[in-house]
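Below you'll find the structure, written out as structure tokens, and then a few comments.
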Amino acid sequence: MNKDINIVLPAADTLANAVQVVDGLLGVYKNAGADRVFTLPWKKLSKVSITLPAAAVESDYKFTPTGVADGSVHSFYITQGAGDNSVQTIQVSYTANASDTVATVCDQLIVIINALESTGLIDVDLTDNATDIDIDGTATNPFFSISGAQGGTLAVTAAGSEAVGEGADLLARGIVDAFDGDLPLVADTYAEYRFEFMAPKGHGGINGQTSDQEHVLLIYADSTAGAGYTALDAVIDSLIDGSYTTAELLGSNV
Amino acid sequence: MAQNSPLNVADNLTVRSLSDRNDFRNVYDLSGGYNKFGMIVNILNMPFGGGKQFDTDKYEKSVMGRGHVIAQVASGAPSGNTLVLALQPQGTPPAPVDTFRVGDVVVAADHSVSGKVIATTPGSITLEATESTLAAMNTAFSTAGTYVKVLGDSSPNFYSDGKSPLYEFPELIYNYSAVKRDTYLASRRENIKSRIYYKDKFWGDAQLDLMVQRFLRQMEKQMLFSNQAQWTSQVGGLSDMNGGVRWSIINRGGEYLPLASALTQAQFDNFLANVWSRKASRTTPITLFMGRGMMQHIQRNFTDGYILNAGSMNTFGGSEVKGVDVRKYTIAGVEVAMVELPVLNDTEFFPELTSVSGLSNPYRQQHTCFALDLDPIEVKGGGLAPAIEKIFRGPSEFYCGYIKGMADAGVPTVDNFADYSVDIVSSVDAHRCDIMADNGIDMIGKFSGLIELVA
Numbered sequence: 001m002n003k004d005i006n007i008v009l010p011a012a013d014t015l016a017n018a019v020q021v022v023d024g025l026l027g028v029y030k031n032a033g034a035d036r037v038f039t040l041p042w043k044k045l046s047k048v049s050i051t052l053p054a055a056a057v058e059s060d061y062k063f064t065p066t067g068v069a070d071g072s073v074h075s076f077y078i079t080q081g082a083g084d085n086s087v088q089t090i091q092v093s094y095t096a097n098a099s100d101t102v103a104t105v106c107d108q109l110i111v112i113i114n115a116l117e118s119t120g121l122i123d124v125d126l127t128d129n130a131t132d133i134d135i136d137g138t139a140t141n142p143f144f145s146i147s148g149a150q151g152g153t154l155a156v157t158a159a160g161s162e163a164v165g166e167g168a169d170l171l172a173r174g175i176v177d178a179f180d181g182d183l184p185l186v187a188d189t190y191a192e193y194r195f196e197f198m199a200p201k202g203h204g205g206i207n208g209q210t211s212d213q214e215h216v217l218l219i220y221a222d223s224t225a226g227a228g229y230t231a232l233d234a235v236i237d238s239l240i241d242g243s244y245t246t247a248e249l250l251g252s253n254v
Numbered sequence: 255m256a257q258n259s260p261l262n263v264a265d266n267l268t269v270r271s272l273s274d275r276n277d278f279r280n281v282y283d284l285s286g287g288y289n290k291f292g293m294i295v296n297i298l299n300m301p302f303g304g305g306k307q308f309d310t311d312k313y314e315k316s317v318m319g320r321g322h323v324i325a326q327v328a329s330g331a332p333s334g335n336t337l338v339l340a341l342q343p344q345g346t347p348p349a350p351v352d353t354f355r356v357g358d359v360v361v362a363a364d365h366s367v368s369g370k371v372i373a374t375t376p377g378s379i380t381l382e383a384t385e386s387t388l389a390a391m392n393t394a395f396s397t398a399g400t401y402v403k404v405l406g407d408s409s410p411n412f413y414s415d416g417k418s419p420l421y422e423f424p425e426l427i428y429n430y431s432a433v434k435r436d437t438y439l440a441s442r443r444e445n446i447k448s449r450i451y452y453k454d455k456f457w458g459d460a461q462l463d464l465m466v467q468r469f470l471r472q473m474e475k476q477m478l479f480s481n482q483a484q485w486t487s488q489v490g491g492l493s494d495m496n497g498g499v500r501w502s503i504i505n506r507g508g509e510y511l512p513l514a515s516a517l518t519q520a521q522f523d524n525f526l527a528n529v530w531s532r533k534a535s536r537t538t539p540i541t542l543f544m545g546r547g548m549m550q551h552i553q554r555n556f557t558d559g560y561i562l563n564a565g566s567m568n569t570f571g572g573s574e575v576k577g578v579d580v581r582k583y584t585i586a587g588v589e590v591a592m593v594e595l596p597v598l599n600d601t602e603f604f605p606e607l608t609s610v611s612g613l614s615n616p617y618r619q620q621h622t623c624f625a626l627d628l629d630p631i632e633v634k635g636g637g638l639a640p641a642i643e644k645i646f647r648g649p650s651e652f653y654c655g656y657i658k659g660m661a662d663a664g665v666p667t668v669d670n671f672a673d674y675s676v677d678i679v680s681s682v683d684a685h686r687c688d689i690m691a692d693n694g695i696d697m698i699g700k701f702s703g704l705i706e707l708v709a
């Protein structure tokens, strides 16, 4: 496996001409199409895929305690990977006593969830509605799931999902343009275009081998570029679905 | 001066001022013992050389789990005769899942339905039906939140080729060694002859030993309850705090059960089962270190039923009635030993009462229960490490020094004025002793558990 080749396209460079197939070569261009920063032989391309950016959707659950009586158990399991913690499943459980009501059961479940939050194990927003509890994701940790409800009903208002392609996440993953050092912007979101191709590693390698090896080119295009982004995305789509013009694909050296 | 008075002896102030007090030179130790947990940690580390010395900013440890390939489905939809699953991003920061490989056979909760991965992109996999149908796969896999996991590889019968490579790498965890200090400073004039004695000498002499005892007591509490932190203190600058047992269990994947109601037997059994299940095999029972409140609660509510009419030792028909004291608990293949941890019973340090009803013992911290895996941790490639490591930064774990002041200067003579033999390092009329430790513990946490009241 070779190290991924990352190219970060700032908004100004996220244009239809950022990726072009000319004379059998797929080229990646920056500076409004003026500078070709990377090329690969089109016929060596084995797979192209797109991961489009998506905003986070906060998970949203409602737990309504039922059958509250002395000794009744009201519990559920929260699964979340908050902060640096790996994903964990944690039980929230309260056993009612004779004086408890639905409202006090809600109160006690919230006491437990707050205790879990103070440890950093989970990160959720709570609303005590007296007859039920709303448990929502947060901006920092939007996604979690609740299951295994006992002694109450569980309603899923939104299953939720993590954000995809956020500049801050890409930065945290260490994404940096391999050629000019451009970095993803924290506030922007990016589409990830992945090109898998075979090409020589160049001189060197094991025993000086120069035979073809698998490479991965990742282009991160700033989705805030508006029309330029839409146009570039259409170009990549046409690369995948084969609608790119024959003349462009079959250049003079193919 | 008149020496006669109509007042009786009890009411006569002069006589009262001359009355003596009984001899209370011996100071009785009411601490009731301390540092039991530190002793246990020491014993755990003895076979491994007594503690891990390091000289870096933090003590790092690389750990690896089982390396299952598993992800949660975000959405799924049939495409032709295949099923395309979009997967929830994983990790911190969230990144598209890219660990599934062509040839992987995957299953969800229903093991009757499996599918084979025929194409992958980061964050997505495409499945073909194996023994199943597309409709069955769609039902089994496509619901958001479903776990999809690799059962293993399935390659064709003829001319099969290798898989795309997958690499396993460890996770790096760390802890800090924490600097702890205490000081004894005594003026020469403080070291007076007092009514109370220490080892038949002045009470002032006791302060040195008492400081060491105080130091060990704080170490025991920090071993259990210290939270890992590094921050710039307003008094002194950069400071490290060691993550203790509670922190390790909570933050390193241990089983944590916070309670706002009395522990039920079902909860207790499930908790033990969950802790036990974190390892495929164990060589020793899990040790439950708990406060007396929890011990009482377990024995009164969970084990009573098992030992009614248990035999001659518990009936009047036998030789002696010994009552009930269960220290081992075994259920469904889970074996635990119950040990009382005295520090949790310290109502002077833990005076907080619980608001949880149904508990006969009202002290909140007495209901804390650490379920500790004391088996040595296996090292990949061979070797063992203690379940709870003692760590210390620098050449030594403890440091202690005596600073001689004027109080130690000695008697001047013509000779020692001449040759400087009476050397002191402080002109203050006192002497001082400083004790320091730069240490902590490091515990895996994942194989252990914690029950505590949060109300």
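Protein chains in written order, with the working numbering: chain W, 1 to 254; chain Z, 255 to 709. Glycine is no exception: its CB is placed at the ideal position from the N, C-alpha and C atoms.
Are Gly305(Z) and Glu651(Z) closer than 8 Å when you measure CB to CB? Pairing Gly305(Z) with Glu651(Z) gives a Cβ-Cβ distance under 8 Å.
In the DSSP assignment, find the unbroken alpha helix (DSSP H) run with Arg471(Z) in it and report its ends. Note, Arg471(Z): alpha helix (DSSP H), Ala460 to Phe479.
Does any C-beta atom of chain Z lie closer than 8 Å to the C-beta of Glu162(W)? Yes, its Cβ sits closer than 8 Å to a Cβ of chain Z.
Using a Cβ-Cβ cutoff of 9 Å, what residues of the region 350 to 373 of chain Z are near chain W? List them in chain order. Correct list: Pro350 and Ala373.
What residue does the alpha helix (DSSP H) around Thr119(W) start on, and which one ends it? That run of the alpha helix (DSSP H) goes Val102 to Thr119.
Might you give, ordered along the chain, the residues of its own chain that have their beta carbon closer than 6 Å to the beta carbon of Pro539(Z), omitting 5 neighbours on each side? Excluding sequence neighbours, Pro539(Z) sits near Glu589, Val590 and Ala591.
Gly547(Z) lies in the beta strand (DSSP E); which residues open and close that run? Where Gly547(Z) is concerned, there is no enclosing beta strand (DSSP E), although the alpha helix (DSSP H) around it starts and stops at Arg546 to Ile552.
Considering only DSSP beta bridges, list what His215(W) is partnered with. Paired residue(s): Phe197(W).
Could you name each continuous beta strand (DSSP E) segment of 3 residues or more that falls completely within the region 374 to 450 of chain Z, going from the start of the chain to the end? Whole beta strand (DSSP E) segments, 3+ residues: 378 to 383, 401 to 407, 425 to 429 and 432 to 441.
At a CB-CB cut-off below 9 Å, which residues of chain W make contact with Leu511(Z)? Ile90, Gln91 and Ser93, listed in chain order.
Going by the beta-carbon positions, is the gap between Thr557(Z) and Tyr583(Z) smaller than 8 Å? Yes. Within cutoff.
Nearest-angstrom Cα separation, counted from Gly71(W) out to Ser611(Z): Spanning the two alpha carbons is a distance of roughly 11 Å.
Confirm, please, whether the CB-CB distance from Ser238(W) to Gln150(W) is below 8 Å. Taking 8 Å as the Cβ cut-off, Gln150(W) and Ser238(W) do not qualify as a contacting pair.
So Ala661(Z) contacts chain W; which residues on that side make the cut at Cβ distance below 7 Å? The CB of Ala661(Z) never comes closer than 7 Å to any CB in chain W; the least such distance is about 48 Å.
How many Å lie between Val367(Z) and Thr104(W) at the Cα? Spanning the two alpha carbons is a distance of roughly 43 Å.
Near-chain W residues of the region 326 to 341 of chain Z (beta-carbon distance less than 7 Å), N- to C-terminal order: So the close ones are Ala328.
If you drop the 5 nearest sequence neighbours on each side, which residues of the same chain put their C-beta closer than 6 Å to that of Val597(Z)? Only Glu474 meet the Cβ criterion.
Is the region 436 to 446 of chain Z in contact with the region 455 to 462 of chain Z, if contact means three or more CB pairs nearer than 8 Å? Using a Cβ-Cβ distance cut-off of 8 Å, the region 436 to 446 of chain Z and the region 455 to 462 of chain Z are in contact, since at least three pairs of beta carbons, one from each stretch, lie closer than that value.
Using the Cα positions of Leu405(Z) and Val8(W), report the straight-line distance between them to the nearest angstrom. In this structure, the straight-line span from the alpha carbon of Leu405(Z) to that of Val8(W) is close to 36 Å.
Using a Cβ cut-off of 8 Å (strictly closer), state whether Val590(Z) contacts chain W. Not one chain W Cβ lies under 8 Å of Val590(Z).
For the region 496 to 520 of chain Z, enumerate the residues whose C-beta is nearer than 8 Å to any C-beta of chain W, in chain order. Correct list: Ile504, Asn505, Gly507, Tyr510, Leu511, Pro512, Leu513, Ala514, Ser515, Ala516, Thr518 and Ala520.
Looking only at its own chain, which residues have a Cβ that is under 7 Å from the Cβ of Pro53(W), when we skip the five neighbours before and after it? These residues qualify, in order along the chain: Val164, Gly165, Thr189, Tyr190, Ala191 and Ser223.
Sequence ranges, beta strand (DSSP E) only - wholly within the region 277 to 358 of chain Z, length at least 3: Counting whole runs of 3 or more residues, the region 277 to 358 of chain Z contains the beta strand (DSSP E) stretches 306 to 308, 313 to 317, 324 to 333 and 336 to 341.
Looking at the structure shown, is Arg270(Z) part of a helix, part of a strand, or coil, going by DSSP? Helix, per DSSP.
Is it true that the region 323 to 342 of chain Z meets the region 375 to 393 of chain Z, where meeting means three or more beta-carbon pairs spaced less than 8 Å apart? The answer is yes - the region 375 to 393 of chain Z touches the region 323 to 342 of chain Z, with three or more Cβ pairs under 8 Å.
Does the CB of Ser145(W) have a neighbour CB from chain Z at under 8 Å? Cβ-Cβ to chain Z under 8 Å: yes for Ser145(W).
Specify the secondary structure class of Thr557(Z) as computed by DSSP and reduced to three states. Three-state result, Thr557(Z): helix.
Could you pull out every residue in the same chain whose Cβ sits closer than 7 Å to the Cβ of Ser414(Z), ignoring the five residues on either side in sequence? Sequence-distant Cβ neighbours of Ser414(Z) in its own chain, meaning closer than 7 Å and more than five residues away, do not exist here.
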